[in-house]
Structure formats: structure tokens, C-alpha cells
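Contents: one structure, followed by commentary.
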Amino acid sequence: MASVHQKLEIAERRHKPASPQLESPLFGLPPELRRHIFDLVVSPTPSTKYRYPRSSIWNRPGHYVPIQRSSTLLRTCQRIYSEALPLLSQRTKLTFYITTFARRPAGALNPFKVQAWKPQKPVEVDLEVFAQLWDSGVDF
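Laid out in C-alpha cells, this is it:
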């Protein structure tokens, strides 16, 4: 267990201002250009590692692979983290599969749990909904 002194040291490190990174060519660029670069890096992109099975119900034209976001750049240094983090939450793409849990892709959002999502600032959301309707034999 960490002592009070260790906890204070950790808290102080978290609140130190980011290093100006003067030796980095990236931070020699104008802020507008850096913002554009960071925006491209953290924007949602189609996965290059995974593809939906051809026989799956969610494999549809224009939707062959899961959409992913990379946050690895944010882990490189504190200054990049502070400049790029707001971009990560500004534009969000949500894909809902309105079907049974067993028929959703692995790792898919549960649309009923998203109701609890409370962003701190307004966000722009691109929303895709894949609804599978079938006759359950129940009359409503």
C-alpha cells in the first residue's frame, strides 16, 4: 500500500505542466496543423485487423469491418495527451445492433447502457443502427 508521501508525489506529478517539448519537430508546427494531424489520428477508422465473417448478419455493404479508434498517440507524452484528448471525445461514431446479445458482434455497445452516457461537453455523434427484426411468434 502506498504511503501518504508516495500518494502526494504521484498527485504532484499528475498536476505538473506538460513539458514544452521544444526539441520535437511536431510542436514546431502551428497549433492548427497539429490539431488537424491529431484529428486524423484519433478519428474513427475501419479496422485493418478484423473483418466480420461473410455469413454474419452485420456484414453489409459498406460495413464489412468494425470501426475503431486509436488512442495510442495520447500515451506518448503529456502535451500530446492534453492537445489531442478533446478531439477524441468531440466526434463519436456509435453503432447499435438492436438484436439479441448472442447475435451482436463481439464488443458491440449495449444500446440500453448508452442511456447512462453523460458527456461533459456537447458532442457530435454519427449514429448507425442495425436492427434485426424477426417473427418471435409472440403477438403484441
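Our numbering puts the first residue of the sequence shown at 258, with every later residue one more than the last.
Think of the CB as a built atom: it goes at the ideal place given N, C-alpha and C, for glycine as much as any other residue.
Here the structure is a predicted model, which means the values were calculated and not measured.
*Taking residue 344 as part of the beta strand (DSSP E), name the residues at either end of that continuous run.*
Taking the sequence shown and counting its residues from 1, one reaches residue 344 at position 87. That residue, residue 344, is in no beta strand (DSSP E); its alpha helix (DSSP H) goes 335-347.
*Would a C-beta distance cut-off of 8 Å place residue 336 and residue 295 closer than the cut-off?*
The sequence position of residue 336 within the sequence shown is 79, counting from 1. The sequence position of residue 295 within the sequence shown is 38, counting from 1. No. Outside cutoff.
*Alpha carbon to alpha carbon, how far is residue 359 from residue 368? Give it in angstroms, no decimals.*
Start at 1 with the first residue of the sequence shown, and residue 368 comes out as number 111. Start at 1 with the first residue of the sequence shown, and residue 359 comes out as number 102. Residue 368 and residue 359: Cα-Cα distance of roughly 14 Å.
*Between the Cα of residue 384 and the Cα atoms of 301, 305 and 293, which residue gives the shortest distance?*
Along the sequence shown, one-based indexing puts residue 384 at 127. Measuring from the Cα of residue 384, the nearest candidate turns out to be 301.
*By the 10 Å Cβ neighbour count, where 16 or more other Cβ atoms means buried, how is residue 341 classified, buried or exposed?*
Sequence index remark: in the sequence shown, residue 341 carries index 84 (1-based). Result: buried.
*Whole-angstrom Cβ separation of residue 366 and residue 351, contact assumed at under 8 Å?*
To locate residue 366, count along the sequence shown from 1; it is residue 109. To locate residue 351, count along the sequence shown from 1; it is residue 94. Going by Cβ atoms, the distance from residue 366 to residue 351 rounds to 6 Å, so yes, they are a contact pair.
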